[in-house]
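Enquirer: The opening residue of the sequence shown carries number 0 in numbering that gives the first Met the number 0; numbering runs sequentially from there.
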Amino acid sequence: MSQKTTHKTTFLFKNLAKGILWLGALILGYGIIQKYFGFDLKVFLGPLYEYTTVIYFIFLVSEIIFGIIPPEIFMFWAAIKNLLQLYLQHVIALMFISYFSGIIGYLIGRKFSDSKFYRLLRIKRLGKFEKYFNQFGGFLVVVAALTPIPFSGICMLVGSVKYDFKKFIWISMSRFIRFIVYAAIVWEANLLN
0 MSQKTTHKTT FLFKNLAKGI LWLGALILGY GIIQKYFGFD LKVFLGPLYE YTTVIYFIFL
60 VSEIIFGIIP PEIFMFWAAI KNLLQLYLQH VIALMFISYF SGIIGYLIGR KFSDSKFYRL
120 LRIKRLGKFE KYFNQFGGFL VVVAALTPIP FSGICMLVGS VKYDFKKFIW ISMSRFIRFI
180 VYAAIVWEAN LLN
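Set out below in structure tokens:
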């Protein structure tokens, strides 16, 4: 195994570990506040709870703006009714929203890479990932798709350097893996509560 491949693998597994720890902390925290503080997500969301399109829109905006609300929170929302078929429908919708948000991020990066706003964004938020893109290329999209690294932000970065769109479309599909695995874990954890 070459040193470059080892470095890629280490980078991936280090970030996967962060993702698993983050998911575990979210599930544990959610379970604790439910059990000991009587937290009810349905009550917390109030009238928004029943408006699926509003929840999807909030998720879309969050995903485009660097995933400011973790997708797992939306999976908790989807699991509230304990109906597997409904949960799967919501998770599939969230998965595609996230995937298309990445494409939107790519297009934003490609279209606005010369703007003042994008240059500022690159300095403030994306600069730390630029060195990884220079090292790993499209593999960084896979890592961002599977881990807590901001997927949309990486997609913007990749778009800004005019990375091949067809390759980007294919490698960004790895986002589906995260949703499938995390959704299964969230569903099982929800059944325990």
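Positions of the beta carbon are idealized from the N, C-alpha and C atoms, including for glycine. What you are looking at is a predicted structure, and each value in this text was computed from that prediction instead of being measured.
Please go through the same chain and pick out, in chain order, the residues whose beta-carbon is closer than 7 angstroms to the beta-carbon of Tyr-162, but skip the five residues on each side of it.
Expert: So the qualifying residues of the chain are Gly-137.
Enquirer: Please report how far the alpha carbon of Lys-115 lies from the alpha carbon of Leu-156, in whole angstroms.
Expert: Looking at the two C-alpha atoms, the distance is approximately 15 angstroms.
Enquirer: Which term fits Gly-126, buried or exposed, when burial requires 16 or more other beta carbons within 10 angstroms of its beta carbon?
Expert: Result: exposed.
Enquirer: For Gly-158, does the three-state DSSP call read helix, strand or coil?
Expert: Gly-158: helix per DSSP, three-state reduction.
Enquirer: Just the C-alpha distance for Gly-108 and Ile-153, rounded to the nearest angstrom, thanks.
Expert: Each residue's Cα considered, the two are about 9 angstroms apart.
Enquirer: What first and last residue would you give for the alpha helix (DSSP H) that runs through Ser-61?
Expert: Per DSSP, Ser-61 belongs to the alpha helix (DSSP H) from 51-63.
Enquirer: Measuring CA to CA, which of Lys-110, Tyr-29, Ile-67 is closest to Ile-148?
Expert: Among Lys-110, Tyr-29, Ile-67, the Cα nearest to that of Ile-148 is on Ile-67.
Enquirer: Give the list of continuous alpha helix (DSSP H) stretches no shorter than 4 residues that lie fully inside the segment 59-109.
Expert: Counting only runs of 4 or more, we get 70-78.
Enquirer: Compare the Cα-Cα distances from Ala-143 to each of Ile-57, Ser-171, Leu-119 and report the closest residue.
Expert: Nearest of Ile-57, Ser-171, Leu-119 to Ala-143, Cα basis: Ser-171.
Enquirer: Give the DSSP-derived three-state secondary structure of Ser-173 in the structure shown.
Expert: DSSP places Ser-173 in coil when its eight states are reduced to three.
Enquirer: Ile-64: which of Ala-183, Ser-151, Ile-168, Trp-169 sits nearest, CA to CA?
Expert: Checked all of Ala-183, Ser-151, Ile-168, Trp-169; the closest Cα to Ile-64 is Ser-151.
Enquirer: Shortest alpha-carbon distance to Leu-22 belongs to which of Phe-75, Lys-7, His-89, Phe-95?
Expert: Among Phe-75, Lys-7, His-89, Phe-95, the Cα nearest to that of Leu-22 belongs to Phe-75.
Enquirer: Is the segment 82-99 in contact with the segment 169-183, if contact means three or more CB pairs nearer than 8 angstroms?
Expert: Counting Cβ pairs under 8 angstroms, three or more are found: they touch.
Enquirer: So, at 7 angstroms on beta carbons, what are the nonlocal neighbours of Leu-85 in its own chain, with the 5 sequence-adjacent residues on each side left out?
Expert: So the list is empty, once near-sequence residues are dropped.
Enquirer: Alpha carbons only, please: which of Leu-145, Val-90, Phe-167, Phe-128 is nearest the one belonging to Leu-106?
Expert: Comparing Cα-Cα distances from Leu-106 to each of Leu-145, Val-90, Phe-167, Phe-128, the minimum goes to Phe-167.
Enquirer: Starting from Arg-118, follow the alpha helix (DSSP H) in both directions and report where the run begins and ends.
Expert: Here the alpha helix (DSSP H) through Arg-118 covers 115-120.
Enquirer: Can you round the beta-carbon distance between Ala-188 and Ile-26 to whole angstroms, since I take them to be within the 8 angstroms contact cut?
Expert: So it is a contact: roughly 5 angstroms between Cβ atoms.
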